[in-house]
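Undergrad: Quick one: structure below, then a few questions.
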Amino acid sequence: MSEKKLKFNSKTIHGGQQPDAAYGAVMPPIYQTSTYAQTTPGGHKGFEYSRSANPTRTALENALASIENGSFGLAFGSGLAAIDAVIKLLNPGDEVLSTNDLYGGSYRLFKQIFEKYGISFQFIGMQDVDKIEAHINNKTKLIWVETPTNPMMNIIDVKSVSKIAKKHNLLLAVDNTFATPYLQVPLDLGADIVMHSATKYLGGHSDVVVGALVVKDKELADKLYFIQNASGAVCGPMDSFLTLRGIKTLHVRMQRHCENGRAVAEYLAKHPKIEKVYWPGFENHPNHAIAKSQMNDFGGMISFVTKGSSYEDAIKIVEKLQLFTLAESLGGVESLAGHPASMTHASIPKEEREKSGVVDALIRLSVGIEDQQDLIADLEQAIG
Ligand SMILES: *Cc1c(COP(=O)(O)O)cnc(C)c1O
13 MSEKKLKFNS KTIHGGQQPD AAYGAVMPPI YQTSTYAQTT PGGHKGFEYS
63 RSANPTRTAL ENALASIENG SFGLAFGSGL AAIDAVIKLL NPGDEVLSTN
113 DLYGGSYRLF KQIFEKYGIS FQFIGMQDVD KIEAHINNKT KLIWVETPTN
163 PMMNIIDVKS VSKIAKKHNL LLAVDNTFAT PYLQVPLDLG ADIVMHSATK
213 YLGGHSDVVV GALVVKDKEL ADKLYFIQNA SGAVCGPMDS FLTLRGIKTL
263 HVRMQRHCEN GRAVAEYLAK HPKIEKVYWP GFENHPNHAI AKSQMNDFGG
313 MISFVTKGSS YEDAIKIVEK LQLFTLAESL GGVESLAGHP ASMTHASIPK
363 EEREKSGVVD ALIRLSVGIE DQQDLIADLE QAIG
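Numbering (my numbering), first residue to last: 13 to 396.
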């Protein structure tokens, strides 16, 4: 059966994978080696040095390409290393148009590293696609989109943004960390590059830090491979193996994340002490229609604010939670709670942060795959 024809739930397990050539191992061995014997200079079996390529990493890269409906995958030492490689496609003087409530680390990388090298960034709300074109000028080269956005759960219409990108001959990159290809496939919606912090849902067990890029275009893939090898922020064999193992259960985990996410979002929305719940599955979510059209379900990421809530109230709730661990990160099997203003988004100035809704009282949940009733009971005792 042609692999391209496999459905998603089969691709997570078989996509890009073959039994190992040496002994037929069904699971890819962890090739913990930096170098490979050559019979004559250049006489090797496709691998010469593990920064350039390593068989375990190649197995992961092939799996990534398969689940994202791309042709080429690249695995990096972290999500930020993957983003770093994308921005290195650009030259001094170039401009990037980015979403405003994006991952704090991406914002820091853009502002504090790349601006020094003469690349500039505009951060705008992209929920209203009609407003994007006014920000494009002859220096703009790349549009960087995160959807759902972090932590406000805004949804951006990738297909419409891709039409604008094509019209102006710009690259469109989508950070698909929150949604995963179980929920949405950016390359199918017209994006050129899809990026992941595989640390989150793809790995799924909070035990690795890994980044990924997937593209369809050969020329673009070659440029990114060159940067990956030349800059060297690759993913090691052990982490490649763990991420690959995570991907094999992505679809079953995501199904449960979505079910639990819905239950928690509905519980919070009915709670008398809760002011606002941000989750794209609600019919009154401002971008619900787009979410419904480009996503298969709505995921397990939820943000909320308690009534009359202050910084102190939010801190009290996250401290009281027991089953939800107070921690950075998301997307693991275990439920996590975070306080964006003091944690993930602390590197974004307060004014900048509040403009996009990241107030001091906001709490973000990554709803795991534990028992639904236990999760709700924990929220009940913490919120009171
Ligand atoms: C975590 C995260 C990143 C950064 O990835 P790392 O693996 O931590 O380097 C980028 N984007 C989003 C949406 C994230 O959640």
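Backbone N, C-alpha and C fix where the C-beta goes; we use that ideal spot for every residue, glycine too. Being a predicted model, the structure only gives us computed values, none of them experimental.
In three-state terms, what does DSSP make of aspartate 372?
TA: Taking the sequence shown and counting its residues from 1, one reaches residue 372 at position 360. Of the three classes helix, strand and coil, the one that applies to aspartate 372 here is coil, per DSSP.
Undergrad: What is the rounded straight-line gap between the Cα of glutamate 127 and the Cα of lysine 17?
TA: On the sequence shown, residue 127 is found 115 positions in, with the first residue counted as 1. On the sequence shown, residue 17 is found 5 positions in, with the first residue counted as 1. Approximately 43 angstroms between the Cα atoms of the pair.
Undergrad: Is the beta carbon of threonine 51 less than 8 angstroms from the beta carbon of serine 62?
TA: Indexing the sequence shown from 1 puts residue 51 at position 39. Indexing the sequence shown from 1 puts residue 62 at position 50. No, Cβ-Cβ distance for threonine 51 and serine 62 is not below 8 angstroms.
Undergrad: Any heavy atom of ligand 1 inside 7 angstroms of the beta-carbon of tyrosine 115?
TA: Here the question's residue 115 lines up with position 103 in the sequence shown. Yes, the beta carbon of tyrosine 115 sits closer than 7 angstroms to at least one heavy atom of ligand 1.
Undergrad: Got a sec, what are the start and stop residues for the beta strand (DSSP E) isoleucine 286 sits in?
TA: By 1-based counting over the sequence shown, the position of residue 286 is 274. Start and end: 286 to 290.
Undergrad: Apart from the five residues just before and just after isoleucine 99, which ones in its own chain have a Cβ nearer than 6 angstroms to its Cβ?
TA: Here residue 99 is taken as the residue at index 87 of the sequence shown, counted from 1. Taken in chain order, the residues that qualify are Phe126.
Undergrad: Based on the DSSP output, what are the partners of tyrosine 61 in its beta bridges?
TA: The residue you call residue 61 lines up with position 49 of the sequence shown. DSSP lists Thr47 as partners of tyrosine 61.
Undergrad: Under 8 angstroms by Cβ, that's how I've got phenylalanine 316 and proline 292 pegged, so tell me the actual separation to the nearest angstrom.
TA: For the purposes of this step, residue 316 is taken as residue 304 along the sequence shown, with counting starting at 1. For the purposes of this step, residue 292 is taken as residue 280 along the sequence shown, with counting starting at 1. The Cβ separation is near 14 angstroms, so there is no contact.
Undergrad: Is the closest heavy atom of ligand 1 to the C-beta of phenylalanine 122 under 7 angstroms?
TA: Against the sequence shown, residue 122 aligns to sequence position 110. No.
Undergrad: Just the Cα atoms here: how many angstroms apart are aspartate 32 and isoleucine 79?
TA: As a position in the sequence shown, residue 32 is number 20, starting the count at 1. As a position in the sequence shown, residue 79 is number 67, starting the count at 1. So the alpha carbons of these two residues sit roughly 20 angstroms apart.
Undergrad: Out of Tyr323, Ile375 and Phe253, which has the shortest C-alpha to C-alpha gap to asparagine 66?
TA: Here residue 66 refers to the residue found at position 54 of the sequence shown. Of the listed residues, the one whose Cα sits closest to asparagine 66 is Phe253.
Undergrad: Identify every residue that forms a DSSP beta bridge with glutamine 134.
TA: The residue given as residue 134 occupies position 122 in the sequence shown. Leu109, per the DSSP bridge assignment.
Undergrad: Pull up the distance between the alpha-carbon of phenylalanine 122 and that of asparagine 112, whole angstroms please.
TA: Taking the first residue of the sequence shown as position 1, residue 122 is located at position 110. Taking the first residue of the sequence shown as position 1, residue 112 is located at position 100. So the alpha carbons of these two residues sit roughly 12 angstroms apart.
Undergrad: List the residues that DSSP assigns as beta-bridge partners of methionine 355.
TA: If you number the sequence shown from 1, residue 355 lands on position 343. Note: methionine 355 sits in no beta bridge, so no partner.
Undergrad: Could you pull out every residue in the same chain whose Cβ sits closer than 6 angstroms to the Cβ of leucine 76, ignoring the five residues on either side in sequence?
TA: Position 64 of the sequence shown, counting from 1, holds the residue named residue 76. If we look at leucine 76 and ignore the five residues flanking it on each side, its Cβ neighbours are Gly85, Ala224 and Val226.
Undergrad: Have a look at alanine 210 and leucine 342 and give me their C-alpha separation to the nearest angstrom.
TA: Against the sequence shown, residue 210 aligns to sequence position 198. Against the sequence shown, residue 342 aligns to sequence position 330. Roughly 11 angstroms between the two C-alpha positions.
Undergrad: For ligand 3, any of its heavy atoms closer than 7 angstroms to the Cβ of lysine 362?
TA: You won't find ligand 3 in this model; what it holds is ligand 1.
Undergrad: Whether or not the region 238 to 250 and the region 94 to 109 are in contact is what I'm after, with contact meaning three or more pairs of Cβ atoms, one per stretch, closer than 8 angstroms; do they touch?
TA: The region 94 to 109 is in contact with the region 238 to 250.
Undergrad: By the 10 Å Cβ neighbour count, where 16 or more other Cβ atoms means buried, how is alanine 146 classified, buried or exposed?
TA: Against the sequence shown, residue 146 aligns to sequence position 134. Classification of alanine 146: exposed, given that the 10 Å Cβ count is below 16.
Undergrad: With a threshold of 16 other CB atoms inside 10 Å of the CB of glycine 28, please say whether the residue is buried or exposed.
TA: Locating residue 28 in the sequence shown gives position 16, counting from the first residue. With 16 or more Cβ atoms within 10 Å of its Cβ, glycine 28 is classed as buried.
Undergrad: Tell me whether the beta-carbon of methionine 307 lies closer than 8 angstroms to the beta-carbon of glutamine 196.
TA: As a working note, residue 307 is residue 295 in the sequence shown. As a working note, residue 196 is residue 184 in the sequence shown. The answer is yes: Cβ separation under 8 angstroms.
Undergrad: Grab the span of the beta strand (DSSP E) containing isoleucine 155 for me, first residue to last.
TA: The sequence position of residue 155 within the sequence shown is 143, counting from 1. Where isoleucine 155 is concerned, the enclosing beta strand (DSSP E) stretches over 152 to 158.
Undergrad: Near phenylalanine 88, what residues of its chain come up, given a Cβ to Cβ distance below 6 angstroms and the 5 sequence neighbours on each side ignored?
TA: Sequence index remark: in the sequence shown, residue 88 carries index 76 (1-based). Ala94, Gly223, Ala245 and Cys247.
Undergrad: Using a Cβ-Cβ cut-off of 7 angstroms (strictly less than) and excluding sequence neighbours within five positions of aspartate 106, which residues of its own chain qualify?
TA: The sequence position of residue 106 within the sequence shown is 94, counting from 1. Closer than 7 angstroms at Cβ, skipping near neighbours: Ile131, Lys151 and Lys153.
Undergrad: Can you check whether the CB of threonine 159 is closer than 8 angstroms to the CB of valine 186?
TA: Translated into positions along the sequence shown, residue 186 becomes position 174. Translated into positions along the sequence shown, residue 159 becomes position 147. Taking 8 angstroms as the Cβ cut-off, valine 186 and threonine 159 qualify as a contacting pair.
Undergrad: In the DSSP assignment, find the beta strand (DSSP E) that holds threonine 318 and state where it starts and stops.
TA: Position 306 of the sequence shown, counting from 1, holds the residue named residue 318. Per DSSP, threonine 318 belongs to the beta strand (DSSP E) from 313 to 318.
Undergrad: Please check the pair alanine 203 and leucine 184, which I expect to be a contact at CB under 8 angstroms, by giving their CB distance rounded to whole angstroms.
TA: Mapped onto the sequence shown, residue 203 falls at position 191. Mapped onto the sequence shown, residue 184 falls at position 172. Yes, they are in contact, since the Cβ atoms of alanine 203 and leucine 184 sit about 5 angstroms apart, within 8 angstroms.
Undergrad: How many Å lie between glycine 116 and leucine 333 at the Cα?
TA: The residue you call residue 116 lines up with position 104 of the sequence shown. The residue you call residue 333 lines up with position 321 of the sequence shown. Using only the alpha carbons, I get a separation of about 24 angstroms.
Undergrad: Enumerated in chain order, which unbroken segments of the beta strand (DSSP E) with a length of 3 residues or greater are wholly contained in the region 64 to 123?
TA: For the region 64 to 123, whole beta strand (DSSP E) runs of length 3 or above, ordered along the chain, are 84 to 88 and 107 to 111.
Undergrad: Would you kindly report the start and end of the unbroken beta strand (DSSP E) that includes methionine 207?
TA: Taking the sequence shown and counting its residues from 1, one reaches residue 207 at position 195. Element bounds for methionine 207: 205 to 209.
Undergrad: Comparing alpha-carbon positions, which option in Asn272, Val371 and Leu335 lies nearest alanine 358?
TA: By one-based count along the sequence shown, residue 358 stands at place 346. Nearest option by C-alpha distance: Val371.
Undergrad: Over what stretch of residues does the alpha helix (DSSP H) that includes valine 276 continue unbroken?
TA: As a position in the sequence shown, residue 276 is number 264, starting the count at 1. Residues 262 to 282.
Undergrad: Bridge partners for glycine 350 per DSSP, in chain order?
TA: Here residue 350 refers to the residue found at position 338 of the sequence shown. Looking at the DSSP assignment, glycine 350 forms a beta bridge with Arg376.
Undergrad: By Cβ distance below 7 angstroms, which residues in the same chain neighbour glycine 312 in space, the five residues on each side in sequence not counted?
TA: Numbered from 1 along the sequence shown, position 300 holds the residue referred to as residue 312. Around glycine 312: His269, Cys270, Asn272, Gly273, Ser378 and Val379.
Undergrad: Does the beta carbon of lysine 212 fall short of 7 angstroms from some heavy atom of ligand 1?
TA: Numbered from 1 along the sequence shown, position 200 holds the residue referred to as residue 212. Indeed, a heavy atom of ligand 1 lies less than 7 angstroms from the Cβ.
Undergrad: Can the beta-carbon of threonine 189 be found closer than 8 angstroms to that of glycine 91?
TA: Reading the sequence shown from its first residue, position 177 is the one you call residue 189. Reading the sequence shown from its first residue, position 79 is the one you call residue 91. In this structure, glycine 91 lies closer than 8 angstroms to threonine 189 by Cβ.
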